[in-house]
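First residue of the sequence shown: 14, per this note's numbering; consecutive thereafter.
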Amino acid sequence: MNKTSYITNRRKWLIENEPFCILCDNFVGSNGDLTHIIRQSYSIKLQMNDLNNGLSHRACHQIFDDQPKNAKYLPRINEVLKRMKSLDEKYYNRYVDRMK
Ligand SMILES: [Zn+2]
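And the structure:
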């Protein structure tokens with residue numbers, strides 16, 4: 014499967030089965046961004062790993078990606094960090110360091 018069809022199919026599956034924001038836990042449904050826990054630019058290998066993504070609100074997604082210092086206020090950040098750590102410990106350590 015190529016990346017574009019993976020993203021389309023995965024997003025569709027999540028909207029039907031897990032329509033909640035992985036960062037704040039509120040409903041997001043078809044307004045959700047497909048959000049990667051480990052950035053796509055960091056790991057090509059993890060781009061199409063189901064554990065590495067979920068739906069989120071655009072605003073939550075931006076906090077998570079661009080404002081790690083504020084990410085501690087996202088209600089589900091601990092779950093996301095746990096997943097991040099299981100996927101790539103080096104990336105996790107770097108992210109947690111940026112949250113300080
Ligand atoms: Zn959210």
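From the three backbone atoms N, C-alpha and C, an ideal C-beta is built for every residue, glycine too.
All values derive from a computational prediction rather than experimental measurement.
Please list the terminal residues of the continuous beta strand (DSSP E) segment that includes residue i.
{"i": "Leu100", "result": "First-last for Leu100: Ile90 to Leu100, but that is the alpha helix (DSSP H), not the beta strand (DSSP E)."}
{"i": "Asp63", "result": "From DSSP, Asp63 is part of no beta strand (DSSP E); its letter is neither H nor E."}
{"i": "His74", "result": "Looking at the DSSP string, His74 is not in any beta strand (DSSP E); the run it does join, the alpha helix (DSSP H), is Arg71 to Asp79."}
{"i": "Leu47", "result": "Asp46 to His49"}
Since residue i and residue j should fall inside the 8 Å C-beta cutoff, what is the C-beta to C-beta distance between them, to a whole number of angstroms?
{"i": "Leu100", "j": "Leu36", "result": "No, Leu100 and Leu36 are not in contact; Cβ-Cβ is about 16 Å, not under 8 Å."}
{"i": "Asn4", "j": "Ile76", "result": "With the chain running from 14 to 113 in the structure shown, residue 4 is simply not present."}
{"i": "Arg24", "j": "Leu47", "result": "5 Å"}
{"i": "Leu68", "j": "Leu27", "result": "5 Å"}
From this set, the options, which residue's C-alpha is nearest residue i's C-alpha?
{"i": "Met97", "options": "Arg52, Asp79 and Leu68", "result": "Arg52"}
{"i": "Gly42", "options": "Glu31, Gln60 and Met112", "result": "Glu31"}
{"i": "Gln11", "options": "Met112, Asn106, Thr17 and Tyr105", "result": "In this structure the chain extends from 14 to 113, so residue 11 is not present and cannot be described."}
{"i": "Asn22", "options": "Lys103, Met112, Asp63 and Tyr105", "result": "Asp63"}
{"i": "Glu92", "options": "Cys34, Glu29, Met14 and Asp110", "result": "Cys34"}
{"i": "Arg111", "options": "Arg89, Ile57 and Pro81", "result": "Pro81"}
{"i": "Asp38", "options": "Glu102, Cys73 and Lys103", "result": "Cys73"}
Step through the CB atoms of chain C and report whether any lies within less than 8 Å of the CB of residue i.
{"i": "Gln80", "result": "Looking at the structure shown, chain C is missing, and only one protein chain is on hand."}
Grouping DSSP H, G and I as helix and E and B as strand, with all else coil, what is residue i?
{"i": "Leu27", "result": "helix"}
{"i": "Asp38", "result": "coil"}
{"i": "Ser56", "result": "coil"}
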